[in-house]
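In the numbering used here, the protein residues as written are 1 to 180. All residues carry an ideal CB built from backbone N, CA and C; glycine is no exception.
The following block contains the structure:
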């Protein structure tokens, strides 16, 4: 872990937020209906956080080991343009994303929960573990959220970044004035 001054400095550099899905955007469970269609539950506050982050001129992406039509639907709904599914080597996928966007690892925050996220989490400027991540991910993280995966952890990180960058108060004021 790092001290508050270092944490804020790292958060101020973030331009790209990358997310794992299962265990980060969701609680980690997968279910199927009786027609065999996969279902996932996403937290609404995480969704608003993602939209607010994008509206602040930042980029959001998904890098996940599983491939799911539900994830593509959620990404489309939230305007997430960077979506990599069925990824076996997440570090390679993130390196490719950074080449495409012209951003650096130092400008990237990644939220993960399990061992496939470890290499990316350790390489990014801000590596975030959700509260219920596995021990190795918790130990490697720059930041550990108070919220569990699928329970508002993404929103918590978005707020941290936008507060550190001095943007959060203006967002709140927009909502207070009735302009969202």
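- Put simply, the backbone Cα of residue 79 is about 32 Å away from that of residue 135.
- Contact between residue 57 and residue 154 does not hold, since the beta-carbon distance rounds to 18 Å and is not under 8 Å.
- When only Cα atoms are considered, residue 31 and residue 5 end up about 42 Å apart.
- If only uninterrupted alpha helix (DSSP H) runs of at least 4 residues are considered, those enclosed by the region 101 to 145 are 118 to 123 and 135 to 140.
- One thing to note: residue 70 has its Cβ no nearer than 9 Å to the Cβ of residue 149.
- Here the alpha carbons of residue 174 and residue 118 stand approximately 37 Å from one another.
- Bounds of the alpha helix (DSSP H) holding residue 47 are 44 to 55.
- Residue range 168 to 176 is occupied by the alpha helix (DSSP H) that includes residue 171.
- Residue pairing by DSSP places residue 60 opposite 17 in a beta bridge.
- Taking all protein chains shown into account, residue 63 has 16 or more neighbouring C-beta atoms within 10 Å of its C-beta and is therefore buried.
- With a 10 Å radius around the Cβ and a threshold of 16 neighbouring Cβ atoms, residue 176 comes out exposed.
- With 16 or more neighbouring CB atoms inside 10 Å of its own CB, residue 157 falls in the buried class.
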